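Position 162 (the sequence shown) corresponds to 161 in numbering that gives the first Met the number 0; numbering is contiguous. Here a beta-carbon is modelled for each residue, glycine too, at the ideal position from N, C-alpha and C. The structure displayed is predicted, hence computed values, not measured ones.
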Amino acid sequence: MMRRAVALALLGLSLAWGAGAQSGGTGHGALAMAHVALGTDPGSASVAHWRDGQMAHAVIRRLPGSDANPVETMAVEGAPPLFEVGSVSKVFTGLLLAQAVERGELSLDDTLGRLLRGKLAFVSPQVAAITLRQLITHSACLPRQFGGVANGRAVVAQLRKADRVDLMAALEKQTIAQAAPCTSAYSNYGLAVVGELLSEHYGKSWTELVHERIVVPLGLRDTRQHLGDQADRLVAGFAGRAPAAPWLMDAYSGAGGLRSSAQDLVRFGRAILAGRNGPLGPAAERLLTPLGRYQGHEIGYAIFIHGPPQRRTYSHSGLTGGYRALLALSPDNGEVLAALVSNAQAPLSQMAQPWWAARYPVSDKTVAVDAASLAPLAGVYQAGAELSLTVALHEERIFVRSRGGIFRAYLPVARDTFTRPAGGARIVFERDARGLVTGLSLEQAGAQLAAQRTRDPLPAGQILPPGKAQQFVGRYAVANAPGDGIAFDVRSEDGQLMIRSTAFGWEPVLPLAERADRFRYDAPDAQLQFERDADGRVVALVLHQRGELRAMRLAPGS
Numbered sequence: 000m001m002r003r004a005v006a007l008a009l010l011g012l013s014l015a016w017g018a019g020a021q022s023g024g025t026g027h028g029a030l031a032m033a034h035v036a037l038g039t040d041p042g043s044a045s046v047a048h049w050r051d052g053q054m055a056h057a058v059i060r061r062l063p064g065s066d067a068n069p070v071e072t073m074a075v076e077g078a079p080p081l082f083e084v085g086s087v088s089k090v091f092t093g094l095l096l097a098q099a100v101e102r103g104e105l106s107l108d109d110t111l112g113r114l115l116r117g118k119l120a121f122v123s124p125q126v127a128a129i130t131l132r133q134l135i136t137h138s139a140c141l142p143r144q145f146g147g148v149a150n151g152r153a154v155v156a157q158l159r160k161a162d163r164v165d166l167m168a169a170l171e172k173q174t175i176a177q178a179a180p181c182t183s184a185y186s187n188y189g190l191a192v193v194g195e196l197l198s199e200h201y202g203k204s205w206t207e208l209v210h211e212r213i214v215v216p217l218g219l220r221d222t223r224q225h226l227g228d229q230a231d232r233l234v235a236g237f238a239g240r241a242p243a244a245p246w247l248m249d250a251y252s253g254a255g256g257l258r259s260s261a262q263d264l265v266r267f268g269r270a271i272l273a274g275r276n277g278p279l280g281p282a283a284e285r286l287l288t289p290l291g292r293y294q295g296h297e298i299g300y301a302i303f304i305h306g307p308p309q310r311r312t313y314s315h316s317g318l319t320g321g322y323r324a325l326l327a328l329s330p331d332n333g334e335v336l337a338a339l340v341s342n343a344q345a346p347l348s349q350m351a352q353p354w355w356a357a358r359y360p361v362s363d364k365t366v367a368v369d370a371a372s373l374a375p376l377a378g379v380y381q382a383g384a385e386l387s388l389t390v391a392l393h394e395e396r397i398f399v400r401s402r403g404g405i406f407r408a409y410l411p412v413a414r415d416t417f418t419r420p421a422g423g424a425r426i427v428f429e430r431d432a433r434g435l436v437t438g439l440s441l442e443q444a445g446a447q448l449a450a451q452r453t454r455d456p457l458p459a460g461q462i463l464p465p466g467k468a469q470q471f472v473g474r475y476a477v478a479n480a481p482g483d484g485i486a487f488d489v490r491s492e493d494g495q496l497m498i499r500s501t502a503f504g505w506e507p508v509l510p511l512a513e514r515a516d517r518f519r520y521d522a523p524d525a526q527l528q529f530e531r532d533a534d535g536r537v538v539a540l541v542l543h544q545r546g547e548l549r550a551m552r553l554a555p556g557s
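Laid out in structure tokens, this is it:
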């Protein structure tokens, strides 16, 4: 990274970058992406797309209330709206560390014990031996959150309320099952520790470091943690239909504390892609240096690296209680995409999927297959602790789903090879010397994952007959529920049901073959029973999870 004097010398260039990013205007592509990203719920979406030397930018919003509320296209001139960017903040923390390593002020091999000598008395020598390299690549064996917190509400409370004293106290008492490095597993905790280590080393808060070393040199007008007199620019957040309060983090600042605009994130991305000759100097290249493996692809300084060296894509996404974010960079064509949505349940991944598919296309040229040859492929495959894939047959076609998702059809393009062009996904089944299917390889978005076949039984009746799923679609409300009430939304997607409640986002439910109108969640203890009246119309649902909760179907538009 540049020394301070060099950064000041390039300040004019940085500011010019900021001005240049204002060129262009609302693009049809950006507007279309914004519509997909927002989906059907209330909130705002802002998409900025830098390509071929120009910026396309679009902002839309839908006000809360009736499902019939239209989407408004907003003006892109003037001060842009601000959003929480969540874990995109980790890339800023990664850059701060890359700058420190570039200057020789820190080393990736520095351990917690060395950096916090005299400040913490570690209970575990294994924790004291964790390095900065392991923290920044999610391979430090630390859990996702500290203190054994796993419950959803407790996680949110910790993210919003924990301070640095809580973080350091937890780190001091932390134990791990084995010495690092571990197989990479996402850890907000680990990145929060990196942010605090940087703060300790330089005697300044993480927020001050981001401002001095990134925001000012790059001329980022909208990127900050504390909004001050700009608070009215933060668009209202939602979780589905419900309003969601902003998250102001302390301990987790370095893992998810920033607010920004789509334009500022594009400026940030362009500065990174400019490499050592840009305003960030050599630290920009260091940020993107592969340091380890992460779930089928590589990882640099907290930034995910997809694809082969000649066609890299760098990305990170973010999620808070009421916001979603995506930043993606493509050095081969200089493309930068930033998308921000003020609804935590918005289908931002649906917006990004065609973009990824265009970056890493797969064949759509099908070949004839014998239906009988497909049967041995059906089964459950495990790719590490966090990813399970179910392969099923339906109407003589292969369908695949991951835990938390729905079944998608795959096309046969070669023996034991299937693709889904719309998602840029390719699956190759693997066989042993006897011809038995033992596993599969999944390629998507520039990543490749290997999964081993398990002995888990394949559930029957995974996809509903045509038209049946539509019978359950609608909105259901719990009578006399406390507070603002409890409601369920049910939608159909490719013959499968997706459901959400007031407190939880969209999840698939799968039919149970042994009971009519009965469905199961991926959660092992949760099932859903639909009820019909004497005429066979679906009139209610009952959630079976630690008791029963009945909700009555509402008239359309209610």
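Would DSSP call residue i helix, strand or coil?
i, result
"TRP505", "coil"
"GLY378", "strand"
"TRP246", "coil"
"LEU286", "helix"
"ASP493", "coil"
"ALA238", "strand"
"ASN150", "coil"
"GLU101", "helix"
"LEU339", "strand"
"GLN349", "helix"
"ARG212", "helix"
"ARG545", "coil"
"PHE267", "helix"
"HIS200", "helix"
"GLN451", "strand"
Compare the Cα-Cα distances from residue i to each of the options and report the closest residue.
i, options, result
"ALA468", "GLY151, GLU83, GLN352 and PHE529", "PHE529"
"HIS305", "GLY317, LEU328 and ALA478", "LEU328"
"SER183", "ASP165, LEU141, THR501 and HIS210", "LEU141"
"THR416", "VAL368, PHE267 and LEU96", "VAL368"
"SER86", "TRP246, GLY504 and VAL58", "TRP246"
"ARG452", "ARG400, ARG132 and ALA377", "ALA377"
"ASP51", "ALA512, LEU336, ARG396 and ARG414", "LEU336"
"ARG311", "VAL90, ILE175, GLY535 and ALA444", "ALA444"
"PRO63", "GLY423, VAL234 and THR174", "VAL234"
"ASP493", "TYR520, HIS393 and ASP534", "HIS393"
"GLU101", "LEU325, ALA261, LEU279 and HIS296", "LEU279"
"PRO375", "ALA391, SER387 and ASP363", "ALA391"
"LEU339", "SER348, HIS200 and GLN133", "SER348"
Do we get a CB-CB distance below 8 angstroms when we pair residue i with the residues of chain B?
i, result
"SER341", "No chain B appears in the structure shown, which is made up of a single protein chain."
Measure the C-alpha to C-alpha separation of residue i and residue j and round it to an integer number of angstroms.
i, j, result
"VAL489", "VAL537", "12 angstroms"
"SER22", "ALA120", "Confidence at SER22 is low in this model, with a pLDDT of 35, below 50, so its placement is unreliable and the value that follows should be read with caution. Whole-angstrom Cα-Cα distance: 53 angstroms."
"ALA476", "ILE498", "13 angstroms"
"GLY504", "GLY473", "16 angstroms"
"HIS315", "ARG552", "39 angstroms"
"CYS55", "ALA486", "Note that residue 55 corresponds to Ala in the displayed sequence, not to Cys. Using only the alpha carbons, I get a separation of about 38 angstroms."
"VAL508", "THR501", "16 angstroms"
"PRO80", "GLY317", "17 angstroms"
"PRO456", "LEU190", "38 angstroms"
"ALA36", "VAL46", "9 angstroms"
"GLY77", "ARG232", "11 angstroms"
Answer yes or no: do residue i and residue j have a C-beta to C-beta separation smaller than 8 angstroms?
i, j, result
"ARG258", "VAL379", "no"
"VAL271", "HIS137", "Note on residue identity: the sequence assigns Ile, not Val, to residue 271. Against a cut-off of 8 angstroms, the Cβ pair of HIS137 and ILE271 comes out as no contact."
"PHE518", "LEU496", "yes"
"PHE398", "ALA408", "yes"
"ALA33", "ILE59", "yes"
"GLY236", "TYR322", "yes"
"GLY146", "VAL193", "no"
"ALA424", "VAL361", "yes"
"PRO281", "ALA356", "no"
"GLU506", "GLY434", "no"
"ALA178", "ALA128", "yes"
"LEU410", "PHE428", "no"
Tell me, which residues are paired with residue i by DSSP?
i, result
"PRO411", "PHE417"
"VAL399", "VAL390 and ARG407"
"THR92", "Bridge partners of THR92: none, in fact."
"LEU540", "PHE529 and ALA550"
"PHE121", "Looking at the DSSP assignment, PHE121 forms no beta bridge with any residue, so it has no partner."
"ALA486", "ALA476"
"MET32", "MET32 is not bridged to any residue."
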